[in-house]
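Going by this note's numbering, the first residue of the sequence shown is number 36, and it counts up by one from there.
Yeah, the Cβ is synthetic: ideal placement off N, Cα and C, and Gly gets one too.
None of the values given here were measured: they were computed from a predicted structure.
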Amino acid sequence: MTIMLTGCKDKKKFEIVIIPDAQKTQLERANLYGKIKIIKTNSYNTHSKDSLDNQHLVSTVYQHFSADGSLLKLVILNSNNDTIRKREVQYNDDGKEISWNETEYQYNRKSSCLFRYDMNGYISSEEYYIQDTLYYTIQYKTDGIGSIIEMNKVKQDITIKNILSYNENGLLIKNNEYDPYGKLFKYIVFEYDNYGDEVNKKVFNKSNSLIEFTFTQYDQKGRVQKILYENLEHGLKDTKTYSQHDPKGNWNFEIQISNNDTLFLRKREITYY
Numbered sequence: 036m037t038i039m040l041t042g043c044k045d046k047k048k049f050e051i052v053i054i055p056d057a058q059k060t061q062l063e064r065a066n067l068y069g070k071i072k073i074i075k076t077n078s079y080n081t082h083s084k085d086s087l088d089n090q091h092l093v094s095t096v097y098q099h100f101s102a103d104g105s106l107l108k109l110v111i112l113n114s115n116n117d118t119i120r121k122r123e124v125q126y127n128d129d130g131k132e133i134s135w136n137e138t139e140y141q142y143n144r145k146s147s148c149l150f151r152y153d154m155n156g157y158i159s160s161e162e163y164y165i166q167d168t169l170y171y172t173i174q175y176k177t178d179g180i181g182s183i184i185e186m187n188k189v190k191q192d193i194t195i196k197n198i199l200s201y202n203e204n205g206l207l208i209k210n211n212e213y214d215p216y217g218k219l220f221k222y223i224v225f226e227y228d229n230y231g232d233e234v235n236k237k238v239f240n241k242s243n244s245l246i247e248f249t250f251t252q253y254d255q256k257g258r259v260q261k262i263l264y265e266n267l268e269h270g271l272k273d274t275k276t277y278s279q280h281d282p283k284g285n286w287n288f289e290i291q292i293s294n295n296d297t298l299f300l301r302k303r304e305i306t307y308y
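Structure representation (structure tokens):
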């Protein structure tokens, strides 16, 4: 299901295409544009966003994607350029993710996940393993276009259930999480602009009190400009700003300020097909 609307952007008429969550590629779910092949992201600690001399490299992440927007491989390097984590993803002939295998080299630990699908090709379950031991399973229920409407995560004898709701465009608007006794624990509400981009994410506790929120701001071309996050319970605040984008509209420089003092930078290089 693709929703076509008419809007105005840069004072010119064009078609707005809103893709339901269930039909998005992994790149689209991550708000990435274009036929991306590789993303290289360097993360830094720093005391000044204006002085390169004060930046300390923390990690480098490489993400490799297929031509149809599916993640193939994830590699994380530390500041010494040593590989600390690597994940490789496998797909079936229909392009569905069937498994991934990951190695955390610093802990000498391997983990994996298996995905299963129903007769319609929609996700039905996943099984997560650490070494060869089953750690948890998730059972899914989906609607007629494959949107997940219920998740039951089972770890040992404990089950956590989530009920998900969508708007008429197939975008997630509410996620209810229930405790092991079946009582509502918290819920998340999502709000979107006219282009289908998420602008507000609000988390409420079972008493309907707001406990955290995320606000995302875009420019007229749909490029992310700022993300504000606040956790009201723990007094945590994050502000991320994006001042540089490539021709496809993907950001390549992020500044993050946490609790008004700690500064982090991320620099991104994207290679396209």
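Review point. Rounded to the nearest angstrom, how far is the Cβ of L149 from that of E161, given a contact under 8 Å?
Key: On the sequence shown, position 114 is the one that residue 149 refers to. On the sequence shown, position 126 is the one that residue 161 refers to. At roughly 7 Å, the Cβ-Cβ gap stays under 8 Å, so L149 and E161 are in contact.
Can K59 and T306 be called in contact, C-beta distance under 8 Å? As a working note, residue 59 is residue 24 in the sequence shown. As a working note, residue 306 is residue 271 in the sequence shown. No.
Q) Are E268 and I290 touching if we call contact CB-CB under 8 Å? A) Within the sequence shown, numbered from 1, the residue matching residue 268 stands at position 233. Within the sequence shown, numbered from 1, the residue matching residue 290 stands at position 255. Not in contact: E268 and I290 (Cβ atoms no closer than 8 Å).
Am I right that D56 and G205 are in contact with their C-beta atoms under 8 Å? What's the rounded C-beta distance? Walking along the sequence shown from the start, residue 56 turns up at place 21. Walking along the sequence shown from the start, residue 205 turns up at place 170. Sure, about 6 Å apart at Cβ, within 8 Å.
Please confirm whether G284 and Y68 have their CB atoms less than 8 Å apart.
Here the question's residue 284 lines up with position 249 in the sequence shown. Here the question's residue 68 lines up with position 33 in the sequence shown. In contact: G284 and Y68 (Cβ atoms closer than 8 Å).
Inset, instruction - Closer than 6 Å by C-beta to I119: which residues in its own chain qualify, once you throw out the five before and the five after it? Chain order, please. - result: On the sequence shown, position 84 is the one that residue 119 refers to. Closer than 6 Å at Cβ, skipping near neighbours: I111, N113, Y140, Q141.
What are the start and end residues of the alpha helix (DSSP H) that includes R64?
Your numbering for residue 64 matches position 29 in the sequence shown. Segment 61–64, the alpha helix (DSSP H) holding R64.
Residue range of the beta strand (DSSP E) that includes L106:
Mapped onto the sequence shown, residue 106 falls at position 71. Segment 106–113, the beta strand (DSSP E) holding L106.
Report task. Look at the alpha carbon of D232 and the alpha carbon of T276, and state the distance between them as a whole number of angstroms. Result -> Taking the sequence shown and counting its residues from 1, one reaches residue 232 at position 197. Taking the sequence shown and counting its residues from 1, one reaches residue 276 at position 241. If you take the alpha carbons of D232 and T276, they lie about 17 Å apart.
Original post:
From D153 to V224, what distance separates their C-alpha atoms?
Top reply: What you label residue 153 is simply residue 118 of the sequence shown in a count that begins at 1. What you label residue 224 is simply residue 189 of the sequence shown in a count that begins at 1. Taking the straight line from one Cα to the other gives about 28 Å.
On the three-state DSSP scale, how would you describe N295? Against the sequence shown, residue 295 aligns to sequence position 260. It is coil, neither helix nor strand.
Q: Put N210 into one of helix, strand or coil per three-state DSSP.
A: Mapped onto the sequence shown, residue 210 falls at position 175. N210 falls in the strand class under three-state DSSP.
- Query: Is it true that the CB of Y201 sits closer than 8 Å to the CB of G181?
  - Reply: Taking the first residue of the sequence shown as 1, we reach residue 181 at position 146. Taking the first residue of the sequence shown as 1, we reach residue 201 at position 166. No, they are not a contact pair.
- Message: By the three-class DSSP mapping on this structure, what secondary structure does D273 have?
- Response: Your numbering for residue 273 matches position 238 in the sequence shown. It is a strand residue.
message: Along the chain, where does the beta strand (DSSP E) containing M186 start, and where does it finish?
response: Counted from its first residue, the sequence shown places residue 186 at position 151. Going by DSSP, M186 is part of the beta strand (DSSP E) stretching over 183–190.
- Could you check what DSSP says for Q58 in three-state terms: helix, strand or coil? As a first step, residue 58 must be located in the sequence shown, where it is residue number 23. If DSSP states are grouped into helix, strand and coil, Q58 belongs with the helices.
_Just to confirm, is the Cβ distance from I165 to S134 under 8 Å?_
Taking the first residue of the sequence shown as position 1, residue 165 is located at position 130. Taking the first residue of the sequence shown as position 1, residue 134 is located at position 99. No, they are not a contact pair.
- Query: Along the chain, where does the beta strand (DSSP E) that runs through K145 open and close?
  - Reply: As a position in the sequence shown, residue 145 is number 110, starting the count at 1. Residues 144–152.
C-beta contact flag for Y170 and K190 at 8 Å:
Here residue 170 corresponds to residue number 135 of the sequence shown, with the count starting at 1. Here residue 190 corresponds to residue number 155 of the sequence shown, with the count starting at 1. Closer than 8 Å, so yes.
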